[in-house]
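Student: Residue numbers for the sequence shown follow this note's numbering, beginning at 1 and rising by one.
Glycine included, C-beta positions come from ideal geometry on N, C-alpha and C.
The structure presented is a predicted model; accordingly, all values stated were derived computationally and were not measured.
This structure is in C-alpha cells; I'll ask about it shortly.
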Amino acid sequence: MSPLAAAPRCQRTLSAQQMALLLLLTLAAALLLGRFDTDLASTLTALSKLPAVLWALLSSSPLPADLSASEQVILLVRLPRLLMALMIGAGLAMAGTVYQGVFRNPLVSPDILGVSAGCMFGAALGLLLPGSSWLLVQGLAFSFGLLAAFAAISMARQVGNNSLLIMIMTGIIVGSLFGAALMVIKTLADPYGELPAITFWLMGSLSASSWDNVGKLLPALLLGYGCAHLLRYRLNILCQGDKQCQALGVDPRRLRLLLTIVSSLVVAACVSVAGQIGWLGLVVPHMIRSIIGADHIKLLPLATLAGAVFMLLADTLARSSFSLELPVGIITSVVGAPLFALLLYRSRFRGGAHG
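Right, here's the structure in full:
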C-alpha cells in the first residue's frame, strides 16, 4: 500500500469552510498591518473605491482625484501584494499536494523536476541580458521552468523505466544542471549592479508586486487548479498504484504526465514573479495530510487554502516585524524547516501512517 493511502490515527475534522474563513480573517488582519498602519474605517473607505481604481488601471485613465495617501498605499501597494502572496501560497501548496500524490511520497516537493532551478536560471539570465525588463525576466523564468519540467519528463521516458524513482532522479539531474548554469551567470554578473539584483531575486520577494502582476499570474493559477481539482478523484486512484489504475480503466502514465505538467506550470508561474519560495510546497500539504488524511477530494482544496494562509502570514511578518523588509523566502525557510522537522518527529509515533 502507498504511504499516502493510510490515514492518520488521530484524524481530526477540518472543513474547507473553516479554512476559507481563516483565510479571510488573515487577509483582513494583514491589510491593516504594515509599516504604514491603517485603521479599520480608513481601510473600508479605501476598499469602497477599489472598483474605480481597477477601472482606471484597466483603461489607462487617471486615478480618482479623491484618493488620499493612505488609500493609495492600501489599494496600489498593500492589496495587490497580499493578493500575490495569497495566489503564490495557494499555487505552491496545490502543486506540492499534486506532486506528493503523483509520486506517492509525502516528502516530495514542487521543485522535484528542477522547475524552480530552471526559473531561477531564466530570471538571472533576464537580469543579465542588455535591455533587461520585467517582462523579459518573467518570460525567461517561465520558459526555462517549463523547459526543466519537460527535460526531466523526457529523460525519464527515454530511460523506459516506469519507476517513479527514475523521474525523481532525472529531476535532480536537471536541477543540478540549471544550478550550475546559474552559478556561471552569477560569476559573470556585474558585482555592483546585476549580482545584487540576481541575489535578491533568488531569496524570494514580493516587493515588486502590482496589479499588473496579479493579472498575469491569475490565469495560470486558475487553469492549474481547475485541472487538478477536476482530476483529484483520479489522483486518489493513482496513489493506489499503476495496477489498480489499470484495473479501474485509468491510464497511469498519461494521468501522471498530465498532472506533472499542470503542477509544473503553476510552480513556474509562481517562481517567475516571486523568486524561490522554499518549503511551502513541502510543509503545507504534509501538515494538512497529517490532520485530515490522504483523500485528495478534501486534501487538495484544504492544502491550497492553507498555503494561502501560510504565505500571507509569512509576508506580513517579513514586511512589518523588522526595521527593514526581509525577503519572504527567508521567512518561509526559517518557519518551514523547523515545522517540517516537528511533523517528522510526530510521525515517529504514528508508525509512518502519513509518511
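Based on Cα-Cα distance, which residue from G171, S132 and V108 lies nearest to F150?
Tutor: Residue mapping note: residue 150 aligns to position 150 of the sequence shown, counting from 1. For F150, the nearest C-alpha among the options comes from G171.
Student: Please state if the CB of V250 and the CB of C227 are separated by a distance shorter than 9 Å.
Tutor: Residue numbering aside, residue 227 sits at position 227 when the sequence shown is read from its first letter. Residue numbering aside, residue 250 sits at position 250 when the sequence shown is read from its first letter. No, Cβ-Cβ distance for C227 and V250 is not below 9 Å.
Student: My output table needs one value for L14: the three-state DSSP class, helix, strand or coil.
Tutor: As a working mapping, residue 14 is identified with position 14 in the sequence shown. L14: coil per DSSP, three-state reduction.
Student: Pull up the distance between the alpha-carbon of W279 and that of T332, whole angstroms please.
Tutor: The residue labelled residue 279 in the question sits at position 279 within the sequence shown. The residue labelled residue 332 in the question sits at position 332 within the sequence shown. Spanning the two alpha carbons is a distance of roughly 6 Å.
Student: What are the start and end residues of the alpha helix (DSSP H) that includes Q276?
Tutor: Mapped onto the sequence shown, residue 276 falls at position 276. Element bounds for Q276: n/a, residue is neither H nor E.
Student: Are G118 and G204 close, meaning C-beta to C-beta below 9 Å?
Tutor: By 1-based counting over the sequence shown, the position of residue 118 is 118. By 1-based counting over the sequence shown, the position of residue 204 is 204. Cβ atoms of G118 and G204: not closer than 9 Å.
Student: Taking the alpha-carbon positions, what's the Y99 to I112 distance?
Tutor: On the sequence shown, residue 99 is found 99 positions in, with the first residue counted as 1. On the sequence shown, residue 112 is found 112 positions in, with the first residue counted as 1. Near 8 Å, if we compare the C-alpha coordinates of I112 and Y99.
Student: Going by Cα to Cα distance, which pick from A314, I88, A197 and I153 is closest to R254?
Tutor: As a working mapping, residue 254 is identified with position 254 in the sequence shown. Considering only alpha carbons, the answer is I153.
Student: Consult DSSP for A117 and reduce its assignment to one of helix, strand or coil.
Tutor: The residue labelled residue 117 in the question sits at position 117 within the sequence shown. A117 falls in the helix class under three-state DSSP.
Student: Once the 5 residues before and after L177 are set aside, which same chain residues still bring their CB inside 7 Å of it?
Tutor: For the purposes of this step, residue 177 is identified with residue 177 of the sequence shown, where counting begins at 1. Within the same chain, L177 has no close Cβ partners at all.
Student: Tell me where the alpha helix (DSSP H) around C227 begins and ends.
Tutor: As a first step, residue 227 is located in the sequence shown; it is residue number 227 there, counting from the start. Its alpha helix (DSSP H) spans residues W211 to L230.
Student: Check each candidate in R319, A318 and L299 and name the one with the smallest Cα separation from A16.
Tutor: Within the sequence shown, residue 16 is the residue found at index 16, counting from 1. For A16, the nearest C-alpha among the options comes from L299.
Student: List the endpoints of the continuous alpha helix (DSSP H) containing E71.
Tutor: Locating residue 71 in the sequence shown gives position 71, counting from the first residue. Here the alpha helix (DSSP H) through E71 covers A69 to Q72.
Student: Buried or exposed: A28, going by 16 or more other Cβ atoms within 10 Å of its Cβ?
Tutor: On the sequence shown, position 28 is the one that residue 28 refers to. So A28 counts as exposed.
Student: Pick out the complete alpha helix (DSSP H) segments inside the region 296-334, 4 residues or longer, and give them in chain order.
Tutor: DSSP runs (the alpha helix (DSSP H)) wholly in the region 296-334: 296-320.
Student: Using 10 angstroms around the beta-carbon of T316, count the other beta-carbons present and answer buried if the total reaches 16, otherwise exposed.
Tutor: Mapped onto the sequence shown, residue 316 falls at position 316. Label assigned to T316: buried.
Student: I'd like the list of long-range same chain contacts for A303, defined as Cβ closer than 8 Å, with 5 residues on each side in sequence excluded.
Tutor: The count along the sequence shown starts at 1 and reaches residue 303 at position 303. A93, M94, G96, T97, V284, P285, I288 and R289.
Student: Would you call the CB atoms of S48 and W55 closer than 9 Å?
Tutor: Translated into the one-based positions of the sequence shown, residue 48 becomes position 48. Translated into the one-based positions of the sequence shown, residue 55 becomes position 55. Cβ atoms of S48 and W55: not closer than 9 Å.
Student: If you draw a straight line from the alpha carbon of G352 to that of L259, how long is it in whole angstroms?
Tutor: Within the sequence shown, numbered from 1, the residue matching residue 352 stands at position 352. Within the sequence shown, numbered from 1, the residue matching residue 259 stands at position 259. With a pLDDT of only 45 at G352, under 50, the local geometry of the prediction cannot be trusted, and no value is derived from it.
Student: Alpha carbon to alpha carbon, how far is A318 from L231?
Tutor: Counting from 1 along the sequence shown, the entry for residue 318 is found at position 318. Counting from 1 along the sequence shown, the entry for residue 231 is found at position 231. Going by the C-alpha atoms only, they are around 35 Å apart.
Student: If you draw a straight line from the C-alpha of T38 to the C-alpha of R78, how long is it?
Tutor: Locating residue 38 in the sequence shown gives position 38, where the first residue counts as 1. Locating residue 78 in the sequence shown gives position 78, where the first residue counts as 1. Computed Cα separation, rounded: 11 Å.
Student: Alpha carbons only, please: which of S321, I277, L83 and S116 is nearest the one belonging to F36?
Tutor: Start at 1 with the first residue of the sequence shown, and residue 36 comes out as number 36. For the residues S321, I277, L83 and S116, the minimum Cα distance to F36 belongs to S321.
Student: Please report the straight-line C-alpha distance between Y233 and G224, rounded to a whole angstrom.
Tutor: Numbered from 1 along the sequence shown, position 233 holds the residue referred to as residue 233. Numbered from 1 along the sequence shown, position 224 holds the residue referred to as residue 224. About 16 Å.
Student: Work out the CA separation of R81 and A65 for me, nearest whole Å.
Tutor: Reading the sequence shown from its first residue, position 65 is the one you call residue 65. Reading the sequence shown from its first residue, position 81 is the one you call residue 81. Each residue's Cα considered, the two are about 23 Å apart.
Student: Could you give the distance in angstroms between the alpha-carbon of A156 and the alpha-carbon of L25?
Tutor: Here the question's residue 156 lines up with position 156 in the sequence shown. Here the question's residue 25 lines up with position 25 in the sequence shown. In a straight line, the C-alpha of A156 is about 44 Å away from that of L25.
Student: Please give the ranges of any beta strand (DSSP E) in the region 169-196, keeping only runs that are unbroken, at least 3 residues long and fully inside the region.
Tutor: Counting only runs of 3 or more, we get nothing.
Student: Pick helix, strand or coil for G101, following the three-state DSSP scheme.
Tutor: Counting from one through the sequence shown, the residue named residue 101 turns up at place 101. Three-state result, G101: helix.
Student: Look at the alpha carbon of L75 and the alpha carbon of D212, and state the distance between them as a whole number of angstroms.
Tutor: Working through the sequence shown from its first residue, we reach residue 75 at position 75. Working through the sequence shown from its first residue, we reach residue 212 at position 212. Using only the alpha carbons, I get a separation of about 13 Å.
Student: What's the C-alpha gap between L63 and V309?
Tutor: Residue mapping note: residue 63 aligns to position 63 of the sequence shown, counting from 1. Residue mapping note: residue 309 aligns to position 309 of the sequence shown, counting from 1. When rounded, the distance between both Cα atoms is 31 Å.
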